[in-house]
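With our numbering applied, the sequence shown covers 8 to 561.
Glycine included, C-beta positions come from ideal geometry on N, C-alpha and C.
Below is one structure, written out as structure tokens; the observations come after it.
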Amino acid sequence: MNQSHQTGSSPADFALPQTPANHVPLSPLSFLKRIASVFPDHPAIIHGERRISYGELHARVGRFASALSNWGIKKGDVVAIMAPNIPALLEAHYAIPLTGGILLAINTRLDAATVRFILQHSGAKVVLVDHELNPVVSEALADIETTLRVIDIADAAVPDGKPIGEIEYEDFIAPEGGDDDWDLLPDDEWQPIALNYTSGTTGNPKGALYSHRGAYLNAIGNVLAFQLNRSSVYLWTLPMFHCNGWTYTWAVTLAGGTHVCLRKVDPADIFRLIAEEKVTHMCGAPIVLNMLIHAPAETKVPFEQTVEIATGGAAPPSAVISGMEKMGFNVTHLYGLTETYGPATICEAQDHWETLSLDDRASQMARQGVGHPTLEDHDVRDPETLEAVPRDGQTMGEIMIRSNTVMMGYLANPDATDAAFAGGWYHSGDLGVIHPDGYIEIKDRSKDIIISGGENISSLEIEEALFKHPKIMEAAVVAKPDDQWGETPCAFVVPVPGESLTTEEVIGWCRDNLASFKVPKHIVFGELPKTATGKIQKFVLRDMARDKDQAAAD
């Protein structure tokens with residue numbers, strides 16, 4: 008008889024080592040390696056008339072990685088790319104990390120000065136640039152203090168682009184080889200895979216580092232949350248540069264779905280592609296959903312399938328959710344930040360919500376919800392004491408997160424990293440409540456809360472009321488300085504095309520739907536400033552409200 012069975016095991020017997028047989032570092036790069044092996048002929052990418060199978064994608068990525076390695080790119084080097092949602096950007100999500108390098112996908116709407124800062128701060132060695140964005144990158148490189156090698160991307164949609172690099176992308180990846188690179192998966196799952204810069208609304212943007220482990224886990228969470236599979240056809244209405252497309256760049260591949268590229272968010276193209284390519288899934292900020300709802304009737308090409316659409320980046324008004332459902336979309340509300348790889352919570356639908364009216368169900372769905380499938384922990388806590396707030400749907404605190412799917416930290420910014428992780432939680436800066444059912448609901452960004460006469464007023468609550476007005480397409484509310492009350496709400500409103508609105512109409516609507524002290528005192532009509540991902544730039548609106556106040560005083 009075995010001696011250990013006679014005497015019993017000791018604690019030391021359970022301290023077994025990790026070996027190559029039982030421990031492999033997690034990386035989303037393995038998703039492409041697997042799917043290309045199992046389903047090489049399945050369509051991976053659709054871009055206009057172009058079709059790329061998973062077998063072809065695997066080969067292209069290998070050649071891309073090999074070419075970068077031949078240029079000297081190695082572990083820890085940053086390779087930047089500035090491009091819309093085209094095949095080269097998706098391929099970069101695999102090829103750059105395959106070399107051991109770190110992917111830096113840059114926001115395509117940034118100005119040259121910000122692009123220059125990001126390239127310098129990151130220490131990028133190479134930058135790939137789509138011809139359409141050459142003017143901005145050329146200006147950024149003109150006064151840059153470092154030397155970068157530049158690769159042009161000549162997409163067929165921009166036939167007259169002027170090259171600025173030393174080689175075109177397709178020529179760069181043309182040489183055969185690269186299969187051996189697939190044996191070079193990371194030896195450490197904590198190794199950085201991507202670098203994503205925040206919007207930098209105040210001061211310079213911060214670079215959030217993602218690990219292979221975090222990207223792997225968040226992508227799996229997306230597959231589970233969005234029910235992706237090999238029949239899924241995913242339309243890229245969400246920018247791939249934004250949190251690496253909320254990690255759907257890796258998640259869709261894991262599921263074996265098809266990526267449908269889209270250079271520009273245009274309702275006519277979206278409805279056409281949904282019908283022609285049988286799109287099943289897509290993502291976008293609430294502004295994208297609002298754009299589809301209010302698109303001209305002639306652009307709304309009918310489609311037979313229900314399209315799953317995930318939204319986040321801002322709280323979607325319930326009127327937007329109900330409007331999308333009426334057109335054949337099923338809305339999933341996600342919440343997250345750049346620092347959390349995109350999705351961190353999901354508003355999971357409960358069975359009994361089906362008995363509610365459409366508007367009441369949309370109100371439930373507008374909440375930020377519960378933890379994403381691979382999120383470890385989240386809570387609403389007092390930002391000073393870190394104590395959990397009561398689950399009463401009333402007591403406000405800061406939304407905090409603790410998970411493998413939180414960034415590694417900010418690049419070369421230890422003070423900001425320490426502040427973000429104070430007390431062992433990631434501090435989101437979002438203020439919210441937690442309901443008795445455990446669902447969280449954002450009430451405002453900490454900097455967006457309006458304090459009027461000592462009362463806290465949620466700008467989101469006022470915006471929710473404004474969105475329900477049948478003539479209002481978009482709305483945003485910020486604090487305006489006030490001598491008597493300290494601050495009062497100021498509403499910026501965009502009417503539905505073809506409709507006219509007066510200040511008196513808007514204020515009257517608010518009086519009928521809000522407590523009197525929450526009614527905006529000022530209404531401003533006009534377009535709303537937005538980021539590339541559709542977030543309304545409230546810091547710009549606050550300046551506008553302050554300037555109007557100053558002008559009135561002068």
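Secondary structure at C517: helix, using DSSP grouped into helix, strand and coil.
For V295, the enclosing alpha helix (DSSP H) stretches over residues 293-300.
Per DSSP, the continuous beta strand (DSSP E) segment holding I59 begins and ends at 57-60. In this chain, the beta strand (DSSP E) harbouring I53 covers 50-54.
Using a C-beta cut-off of 8 angstroms, the stretch 537-548 makes contact with the stretch 472-487, since at least three inter-stretch Cβ pairs fall below that distance. A direct Cα-Cα distance of roughly 22 angstroms separates G55 from I316. With fewer than 16 other Cβ atoms from the protein chains shown falling within 10 Å of its own Cβ, T392 counts as exposed. Relative to the Cα of D422, the nearest Cα in the group G214, M289, F21 belongs to G214. Bridge pairing for E175: D159 [DSSP].
By the CB criterion at 9 angstroms, A131 and V86 fall inside the cutoff. Counting the other CB atoms within 10 Å of its CB gives I458 a total below 16, which places it among the exposed residues.
One alpha carbon belongs to S465, the other to L110, and they sit about 37 angstroms apart. A contact is defined here as three or more CB-CB pairs under 8 angstroms, and the stretch 335-355 meets this definition with respect to the stretch 364-375. Short of 8 angstroms from the beta carbon of L235, and not among the five residues preceding or following it, lie these beta carbons of its own chain, in chain order: N229, Y241, A258, V259, L261, A262, G264, H288.
In the three-state reduction of the DSSP assignment, T318 falls in the strand class. The C-alpha of R58 lies about 12 angstroms from the C-alpha of I93.
The three-state reading of DSSP puts A373 in coil, since its state is none of H, G, I, E or B. When the alpha-carbon of G221 is set against those of N211, A292, H359, P350, the nearest one is in P350. Short of 8 angstroms from the beta carbon of K271, and not among the five residues preceding or following it, lie these beta carbons of its own chain, in chain order: P91.
Counting along the chain, the unbroken beta strand (DSSP E) around D384 starts and ends at 384-388. The residues R123, L126, Q127, in chain order, have a CB closer than 7 angstroms to that of I151 in the same chain once the five nearest residues on each side in sequence are set aside. Ranked by Cα distance from H340, the options A22, V327, A72 are led by V327. Judged by beta-carbon spacing, G335 lies within the 9 angstroms limit of V314, meaning their Cβ atoms are closer than that value.
Rounded to the nearest whole angstrom, the C-alpha separation of L438 and S325 is 19 angstroms. Out of L216, T244, I300, D276, the CA that lies nearest to the CA of T424 is found in L216.
Straight-line spacing of the CA atoms in F474 and E405 works out to 25 angstroms. Within the DSSP secondary-structure output, V338 pairs in a beta bridge with I316.
DSSP, reduced to helix, strand and coil, places G439 within a strand of the structure shown. Taking a contact to require three or more Cβ pairs closer than 8 angstroms, the stretch 68-79 and the stretch 172-189 qualify as touching. Per DSSP, K307 has no beta bridge partner at all. Linking A163 to E139 through their CA atoms gives a straight-line distance of about 11 angstroms. Contact between P32 and P193 holds: their C-beta atoms lie close to 5 angstroms from each other, under 8 angstroms.
For W197, the CB contacts under 8 angstroms within the same chain, skipping 5 residues up- and downstream, are S218, H219, R220, M415 in chain order.
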